[in-house]
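In the numbering used here, the protein residues as written are 13 to 508.
Glycine included, every Cβ here is placed at the ideal spot set by N, Cα and C.
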Amino acid sequence: MGPMVDSHLAILAGISLSFVAVKALRWFIKKRQNIPSLPPGPMPFPLLGNVLSIDTKKPWLTYTEWRAVYGDLIFVQILDQEVVVINSQHIAQALLDNRSRIYSDRPYLATLKPYGWLVSFAFIGYNDEWRLCRRLFHQTFRPKSVVRFRQMQIRRARDMVANLVSDPQHYHSHFATFSSSVAMSTVYGYDTSTRNDPLVEIVINAMTGLAMLTPERAIMLKAFPFLLNVPDWCWGSSIKRSAQASSKHVNEMVNVPFQHAREHMADSSQSSMVGENLRRMEMQDEASKPMFETSLKKAATTAIVGSYETMTSTLMAFTLAMVLYPDVQKRAQAEIDSVIGRDRLPMFEDRASLPYIDAILRETFRWAPAVPLGVPHATSSADLYDGYFIPKGATVVCNTWGISRDEKRYPQASHFIPDRFIDVNGLLTDDDPAEYIFGLGRRICPGRYAADTSLWSAIATMLATVDISSAKDDQGKTIDFTAKFMVGVVRYLASP
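Dropping the structure here:
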């Protein structure tokens, strides 16, 4: 046994030394050729790269820890994929905003096609199809256009509160219904039921597949694509079955509400993204209609998915914060009472007079970013930044979590402190996490203005009408709980 172990150790040592020698040789050659070095980062292992050093469930935590060692721009090797991690808003703006021509592509994800998620233009590459989808989306959700949705958003927020009062136990379901109903109205012109709406149920079913688009699953399918074809009785077939189920649900989410909007174009009393563009499509030549309709479906699906995932997650985080920080809730309610009184509910016209409510929204964005690493970008060509070489085809990740947890910028960053966004005069500061929470560059979330107003209407209405606290048992004692977050593309608080 001893000689065998020694021989194994010798082999491992030989491999490690060879790898170090190769790395040293490459470094020496680059120095001789005056080729700029890659950004700093941890030393990778042969073949595996840095994958063993990263928390695959919560990689943003690893990248945030590495910032203290390697800085705000880090190079990481994950198997054969080169990854550049951005840990500061300044660098993110310098690259993703100011050099958006290079940083607007998307990396290949092996999970997208089998799980049916190429229907979201948020994931597709930077090309003509993406530009058409983006234009269709922007027409409906640009700042001037979203103003027309405000009355509907307030009405839906009040429906949500009514559900919370009558059935407080299922608060997650009420948040999901609110998020979906706002999106269904703006995208398809569809008025959802306040509870158990069939089209909302279709969206919720499809969202289970989005949670499966984890980095480790993508890496596994990229390395072992045959897993999508193995027999059902074989080990690993669960990936194939989950992909098939996801594709079925996503296909239903794409087509059922779209068909509903098409059938009710004539009798719909409200404007919507799909309804308006279907009318435009009728005036186009027959050759261009198929591509236009496909792009419209992708734009519509992206709006529904983005609204459901991020808004529901943010409302869950807000609710948790109000339970953990009751003094914040009391101060917000006092502000509403002093400005509005108790004879009516908040309206958008009151927003400028309620700075603390906006500070709570900003702090919710910062404290619990729904997408901690954003959606990854990819470089379409090589680049140089601050003396560092960034390769073509590299995956570029903006560590939103790390930016929001910067102790120099946000002291006691793990605590929920809305006052950090209020100045000495009681006004909002210039620091708005929405400037990085929704992404940057040409791939910034195009629905951010509607999301902002929807979330404000929900939070302001909740604070004006209900007290949010921990559940109590039959004896009136507080039930202890531990907040658990689920992770995938979106990080969200698990409902009990």
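Close beta carbons around Met328, own chain, < 7 Å, minus the five adjacent residues each side: His184, Phe187, Tyr504, Leu505
Where the alpha helix (DSSP H) through Glu264 begins and ends: 249-275
In chain order, each alpha helix (DSSP H) run of at least 4 residues that lies wholly inside the region 100-137: 101-104
Asp170 and Thr473 closer than 9 Å at C-beta: The question names Asp, yet the displayed sequence has Arg at residue 170. Yes, they are a contact pair.
Simplified DSSP assignment, three categories, for Thr490: strand
Counterpart residues of Met334 in DSSP-defined beta bridges: None, per the DSSP bridge assignment.
Through-space distance from Asn241 to Phe450, alpha-carbon basis: 37 Å
Val340 to Asp443 span [Cα, whole Å]: If I take the Cα positions, the gap works out to 19 Å.
9 Å Cβ cutoff met for Met285 and Thr152: yes
Close-in-space but distant-in-sequence residues of the same chain around Ser192 (CB under 6 Å, 5 per side omitted): Within the same chain, Val212, Val215, Tyr320 come within 6 Å of Ser192 by CB-CB distance, once the 5 residues on both sides are set aside.
Nearest-angstrom Cβ-Cβ length linking Val409 and Val97, presumed shorter than 8 Å: So it is a contact: roughly 5 Å between Cβ atoms.
Three-pair Cβ contact test at 8 Å for the region 392-403 versus the region 102-120: yes
Buried or exposed by the 16-neighbour rule on C-beta atoms within 10 Å, applied to Asp84: buried
Simplified DSSP assignment, three categories, for Glu94: strand
Gly405 versus Gly137: straight-line alpha-carbon distance, rounded: 12 Å
Buried or exposed (CB count within 10 angstroms, at least 16 for buried), Asp299: One detail in the question is off: residue 299 reads as Ala in this sequence, not Asp. By the neighbour-count rule (16 or more Cβ atoms within 10 Å), Ala299 is not buried but exposed.
C-alpha distance - Leu121 paired with Phe57, whole-angstrom precision: 23 Å
Boundaries of the alpha helix (DSSP H) in which Leu373 is found, first to last residue: 367-379
Nearest-angstrom Cβ-Cβ length linking Asn267 and Gly128, presumed shorter than 8 Å: Incorrect: roughly 12 Å between the Cβ atoms, too far for contact.
Collapsed DSSP secondary structure at Gln89 in the structure displayed: strand
DSSP three-state assignment for Leu60, whether helix, strand or coil: Coil at Leu60, not helix or strand.
Host beta strand (DSSP E) of Tyr422 (start-end): Here Tyr422 belongs to no beta strand (DSSP E), and DSSP marks it neither H nor E.
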